[in-house]
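Protein sequences appear in the order of chains F and U.
So for the first sequence, the working numbering puts the first residue at 203; every next one is plus one.
So for the second sequence, the working numbering puts the first residue at 1377; every next one is plus one.
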Amino acid sequence: EDQVTQSPEALRLQEGESSSLNCSYTVSGLRGLFWYRQDPGKGPEFLFTLYSAGEEKEKERLKATLTKKESFLHITAPKPEDSATYLCAVQAGTALIFGKGTTLSVSS
Amino acid sequence: DSGVTQTPKHLITATGQRVTLRCSPRSGDLSVYWYQQSLDQGLQFLIQYYNGEERAKGNILERFSAQQFPDLHSELNLSSLELGDSALYFCASSVLLAAFLNEQFFGPGTRLTVL
């Protein structure tokens, strides 16, 4: 069964304190892994797509990496505005399966 | 603003009732997806339409149905509502059929409360 597990469920950081979020997956034939950001009460916002092991993508303070079993979202020197829930998803058929997310809180 | 619109923003109704949620995709997007998000289950895929045709089904209950119209807007119908149906319902759209080929743009959601 296709499955996505994210850890930790919640993460509290001080401004400037770098860390990583984990997304482990089991899927028959990965065709794409997606990272989304979701602010409270809003729809998810697309961040990255990774297609093959070893691939990396960066956007401002965020960097996503992919291995054959998991993906990491590295957050470098986070700011309070990075506070959000980060969702990971893998493609299954023509749709996506989402993990339950990691809720990140960054305090100044 | 993703370009995807959903109405209504909030909906409060009673058990046993039927409601319709509406979604207008981004201009040019042919694929529409419906998701349900609850606190305990996370974001769950319900159903996908592509250019008017149903293309994929996820964890959608038989009490729920959807359709995509010729102008590409979509409606999600929820009937015989139960307390457990209370959740955020999101619509997303994308250009292509296959989810892995392109990003999905999510609407702001409809918050459904069943009393």
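We put the beta carbon where it would ideally sit given N, CA and C, even for glycine.
Residue burial classification, residue i (beta-carbon count within 10 angstroms, cutoff 16)
i	result
residue 1393(U)	exposed
residue 307(F)	exposed
residue 282(F)	exposed
residue 210(F)	exposed
residue 1486(U)	buried
residue 1404(U)	exposed
residue 280(F)	buried
residue 264(F)	buried
residue 1483(U)	buried
residue 255(F)	exposed
Partner residues on chain F for residue i, Cβ-Cβ distance less than 8 Å
i	result
residue 1479(U)	236, 248 and 251
residue 1445(U)	Ordered by position in chain F, no residue passes the 8 Å Cβ test against residue 1445(U), which lies about 20 Å from the chain.
residue 1428(U)	Correct list: empty, because the minimum Cβ distance to chain F is about 15 Å.
residue 1387(U)	The premise fails here: residue 1387(U) is roughly 15 Å from chain F at the closest Cβ pair, so nothing lies under 8 Å.
residue 1488(U)	None at all; the shortest Cβ gap to chain F is about 14 Å.
Neighbour list for residue i in chain F, Cβ cutoff strictly below 9 Å
i	result
residue 1483(U)	245
residue 1466(U)	245 and 246
residue 1392(U)	Correct list: empty, because the minimum Cβ distance to chain F is about 27 Å.
residue 1406(U)	None at all; the shortest Cβ gap to chain F is about 12 Å.
residue 1459(U)	In chain order: nothing, as chain F lies at least about 21 Å away.
Where the beta strand (DSSP E) through residue i begins and ends
i	result
residue 1388(U)	1386 to 1389
residue 260(F)	258 to 261
residue 1418(U)	1418 to 1426
residue 1380(U)	No beta strand (DSSP E) contains residue 1380(U), which DSSP labels as neither H nor E.
residue 238(F)	235 to 240
Residues near residue i in its chain [Cβ-Cβ closer than 6 Å; skip 5 each side]
i	result
residue 1414(U)	1463
residue 227(F)	206 and 292
residue 300(F)	289 and 291
residue 1428(U)	1444
residue 1441(U)	1453
residue 204(F)	229, 294 and 299
Top-ranked residue by Cα proximity to residue i, from the options
i	options	result
residue 1490(U)	1390(U), 1402(U) and 1383(U)	1390(U)
residue 1379(U)	1472(U), 1395(U) and 1400(U)	1400(U)
residue 286(F)	303(F), 299(F), 203(F) and 279(F)	303(F)
residue 1397(U)	1478(U), 1466(U) and 1458(U)	1466(U)
residue 1457(U)	1471(U), 1422(U), 1434(U) and 1438(U)	1438(U)
residue 221(F)	256(F), 249(F), 278(F) and 203(F)	278(F)
residue 1386(U)	244(F), 257(F), 255(F) and 276(F)	244(F)
residue 259(F)	276(F), 247(F), 270(F) and 213(F)	276(F)
residue 1454(U)	1447(U), 1448(U) and 1443(U)	1443(U)
residue 374(F)	247(F), 219(F), 217(F) and 231(F)	In the structure as shown, chain F begins at 203 and stops at 310. Residue 374(F) is therefore absent and cannot be evaluated.
residue 1488(U)	1430(U), 1423(U) and 1460(U)	1460(U)
Interface partners of residue i on chain F, CB under 7 Å
i	result
residue 1409(U)	297
residue 1450(U)	Those within 7 Å of residue 1450(U) in chain F number zero; the least Cβ separation is about 14 Å.
residue 1378(U)	245
residue 1440(U)	Result: empty, since nearest Cβ-Cβ is about 15 Å, beyond 7 Å.
residue 1397(U)	Residues of chain F passing the Cβ test: none, with the nearest at roughly 13 Å.
residue 1491(U)	Correct list: empty, because the minimum Cβ distance to chain F is about 20 Å.
Cβ neighbours of residue i in the same chain (closer than 7 Å, five flanking residues each side left out)
i	result
residue 273(F)	225, 235, 252, 266, 267 and 290
residue 233(F)	293
Contact set for residue i: own chain, Cβ-Cβ below 8 Å, skip 5 residues either direction
i	result
residue 261(F)	249 and 250
Got a sec: which bits of the stretch 272 to 303 of chain F sit with their beta carbon under 9 Å from any beta carbon on chain A, in order along the chain? Note that chain A does not occur in the displayed structure, where the protein chains are F and U.
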